[in-house]
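Enquirer:
In the UniProt record's numbering, the protein residues as written are 1 to 278.
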């Protein structure tokens with residue numbers, strides 16, 4: 001028998017076996033048996049909307065900064081997110097559209113993310129209060145976020161007036177208080193700079209006058225030191241951070257010789273210094 005005839009017979013046998021193993025489903029015009037199979041399973045229900053952000057979360061921001069009010073939502077589906085200011089029921093945003101005439105308000109959302117953050121630029125004390133993050137599910141569901149706004153301020157440690165003898169060392173430490181920390185969705189609000197003024201002169205770089213300024217922006221502290229204070233160093237010293245109200249202290253450098261000429265060999269003490277200046 002020719003080899004080609006043998007090969008054709010082998011192919012026909014293999015085709016016959018394959019045909020026998022093929023399922024014989026009569027689908028019909030409308031899906032037939034597959035439709036009947038699918039009808040035996042109930043339709044899948046969408047999972048309910050879930051807020052990953054805890055209800056009654058408290059957010060703190062400082063005056064003049066950008067406040068970020070968080071709202072993370074799981075399983076939002078086709079729902080629409082709205083932000084409402086509760087104290088006057090003012091509709092701020094729907095989706096990514098701002099409905100407030102105040103353009104400081106904006107909804108921030110990245111595609112495919114679950115985060116719908118309300119951004120408030122240059123936040124003021126009047127912005128403090130309760131905000132509602134609402135999803136247009138059936139029925140609508142929402143959570144509330146409390147925004148607190150604080151006024152950051154500087155503070156110089158010690159009394160508001162300081163008394164020193166000439167030749168003494170002077171150390172003034174300034175700390176920024178009530179500056180919002182890195183908590184949750186808030187950025188760390190460290191000052192961009194801290195300037196020191198002696199009367200009306202900025203002295204951060206007056207090393208030649210015996211003044212040294214060390215600033216730790218991340219710690220929100222700045223320290224001014226004078227190793228050998230002289231009468232020319234008397235006056236008002238102000239600490240001025242970029243993001244907080246300034247603080248001041250007055251330094252008195254008393255001339256010991258003048259006191260001796262007035263009171264003889266009287267021992268100098270802080271109480272006598274205060275007495276002489278009154």
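Beta carbons: idealized from backbone N, C-alpha and C, even for Gly.
Thinking C-alpha only, which one of 78, 77, 66, 129 is nearest residue 107?
Expert: Nearest option by C-alpha distance: 66.
Enquirer: Is it true that the CB of residue 153 sits closer than 8 Å to the CB of residue 177?
Expert: Their beta carbons are under 8 Å apart, which means residue 177 touches residue 153 by this criterion.
Enquirer: Output needed for residue 74: all residues of its chain with C-beta closer than 7 Å, excluding positions within five of it in sequence on either side, in chain order.
Expert: Taken in chain order, the residues that qualify are 50, 52, 114.
Enquirer: Just to confirm the assignment, what range does the beta strand (DSSP E) spanning residue 90 have?
Expert: Note, residue 90: beta strand (DSSP E), 90–94.
Enquirer: With a 10 Å radius around its C-beta and 16 neighbouring C-beta atoms as the bar for buried, classify residue 111 as buried or exposed.
Expert: Burial call: exposed.
Enquirer: Let me know the secondary structure DSSP gives residue 106 once reduced to three states.
Expert: Reduced to three states, the DSSP call for residue 106 is strand.
Enquirer: According to DSSP, is residue 118 helix, strand or coil?
Expert: Here residue 118 sits in strand by DSSP.
Enquirer: Who does residue 129 pair with in a DSSP beta bridge?
Expert: Bridge partners of residue 129: 147.
Enquirer: Give me the Cα-Cα distance between residue 128 and residue 56, rounded to the nearest whole angstrom.
Expert: Rounded to whole angstroms, residue 128 to residue 56 spans 14 Å at the Cα level.
Enquirer: Would you report the Cα separation of residue 151 and residue 213, rounded to the nearest angstrom?
Expert: Distance between the alpha carbons of residue 151 and residue 213: 25 Å.
Enquirer: For residue 207, does the count of other Cβ atoms within 10 angstroms reach 16, so buried, or fall short, so exposed?
Expert: Burial call: exposed.
Enquirer: Select from 122, 133, 61, 120 the residue whose C-alpha is nearest the C-alpha of residue 79.
Expert: Ranking the options by Cα distance to residue 79, first place goes to 133.
Enquirer: What's the call for residue 70, buried or exposed, on a 16-neighbour Cβ count within 10 Å?
Expert: Under this definition residue 70 is a buried residue.
Enquirer: Closest to residue 252 by CA distance: which of 89, 198, 131 is it?
Expert: Of the listed residues, the one whose Cα sits closest to residue 252 is 198.
Enquirer: Less than 8 Å between C-beta atoms, sequence neighbours within five positions excluded: which residues of the same chain meet that for residue 164?
Expert: Hits under 8 Å: 170, 229, 251, 252, 253, 254.
Enquirer: Pull up the distance between the alpha-carbon of residue 222 and that of residue 216, whole angstroms please.
Expert: Going by the C-alpha atoms only, they are around 6 Å apart.
Enquirer: In three-state DSSP terms, what is residue 231?
Expert: Helix at residue 231.
Enquirer: At the level of alpha carbons, what is the spacing between residue 195 and residue 48?
Expert: Roughly 54 Å between the two C-alpha positions.
Enquirer: Which word fits residue 193, buried or exposed, when buried means at least 16 other C-beta atoms lie within 10 angstroms of its C-beta?
Expert: It is exposed - the Cβ of residue 193 has fewer than 16 other Cβ atoms within 10 Å.
Enquirer: Using only CA atoms, which one of 166, 243, 148, 209 lies nearest to residue 131?
Expert: Checked all of 166, 243, 148, 209; the closest Cα to residue 131 is 148.
Enquirer: Suppose you measure from the CA of residue 141 to the CA of residue 91; what does that come to, to the nearest Å?
Expert: Cα-Cα distance, rounded: 16 Å.
Enquirer: Which word fits residue 46, buried or exposed, when buried means at least 16 other C-beta atoms lie within 10 angstroms of its C-beta?
Expert: The residue is exposed, with fewer than 16 neighbouring Cβ atoms inside 10 Å.
Enquirer: For residue 103 and residue 120, what's the separation of their Cα atoms in angstroms?
Expert: So the alpha carbons of these two residues sit roughly 9 Å apart.
Enquirer: Is the beta carbon of residue 242 sitting closer than 8 Å to the one on residue 191?
Expert: Taking 8 Å as the Cβ cut-off, residue 242 and residue 191 qualify as a contacting pair.
Enquirer: Looking at the secondary structure, which residues open and close the beta strand (DSSP E) in which residue 174 lies?
Expert: From DSSP, the beta strand (DSSP E) with residue 174 extends over 170–177.
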